[in-house]
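Novice: Residue numbers are given in the working numbering: position 106 of the sequence shown equals residue 438, and the series is strictly consecutive.
Backbone N, C-alpha and C fix where the C-beta goes; we use that ideal spot for every residue, glycine too.
Dropping the structure in here first, questions after.
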Amino acid sequence: MKPKITLLANNAFVKERCVMCGEYFEAGEILPELRDEDNELIDYLCDTCAYEPQNYASKLMEQAQCFENSAALLRRLAQIGVQPPDSDRKLELESLILTRDARRIDKLNSERTRETR
Ligand SMILES: [Zn+2]
């Protein structure tokens, strides 16, 4: 059987991420589901994507490219390593947040990109 889009009578109105365009959407009363050849649920779709069959292929290819780009970035990060957050800065931020001093918090936030370079 060919992969297909089925329609679910939905009663869980949560935010979903469309498997075809990658955008978040509010699940409506009718929720389109993308199912594979074995009728297994792959993920949900937004209405815009579900009801535009002429765009399925191009949107899926675009999403695949996005995932490939993300995968390349994650592989690169895994190879070069990632510096963990500064524990002193965390303590400083925690104490500053308690004071609710917006000016000092903004100043500290503006310094965050400089200190890592
Ligand atoms: Zn979509």
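1) Cα separation between PHE345 and GLU358?
2) Answer yes or no: do GLU348 and TYR376 have a C-beta to C-beta separation smaller than 8 angstroms?
3) Say yes only if the C-beta of LEU377 is nearer than 7 angstroms to one or more non-hydrogen atoms of ligand 1, and no if none qualify.
4) Could you compute how far the alpha carbon of GLU384 sits from the alpha carbon of LYS391?
5) Should GLU384 be flagged as near chain B, meaning a C-beta pair shorter than 8 angstroms?
6) Less than 8 angstroms between the C-beta atoms of ALA341 and ILE362, yes or no?
7) Leaving out the 5 sequence neighbours to the left and right, which residues in its chain are closer than 6 angstroms to CYS353 when beta-carbon positions are compared?
Specialist: Based on what the coordinates show:
1) Residue 345 sits at position 13 when you count from the first residue of the sequence shown. Residue 358 sits at position 26 when you count from the first residue of the sequence shown. When the Cα atoms are used, PHE345 and GLU358 turn out to be separated by approximately 7 angstroms.
2) For the purposes of this step, residue 348 is taken as the residue at position 16 of the sequence shown. For the purposes of this step, residue 376 is taken as the residue at position 44 of the sequence shown. Yes, these two residues count as a Cβ contact at 8 angstroms.
3) As a first step, residue 377 must be located in the sequence shown, where it is residue number 45. The answer is yes for LEU377.
4) Locating residue 384 in the sequence shown gives position 52, counting from the first residue. Locating residue 391 in the sequence shown gives position 59, counting from the first residue. In a straight line, the C-alpha of GLU384 is about 10 angstroms away from that of LYS391.
5) The structure shown contains no chain B, having only a single protein chain.
6) Counting from 1 along the sequence shown, the entry for residue 341 is found at position 9. Counting from 1 along the sequence shown, the entry for residue 362 is found at position 30. Cβ atoms of ALA341 and ILE362: closer than 8 angstroms.
7) As a position in the sequence shown, residue 353 is number 21, starting the count at 1. The answer, listed in chain order, is CYS381, LYS391.
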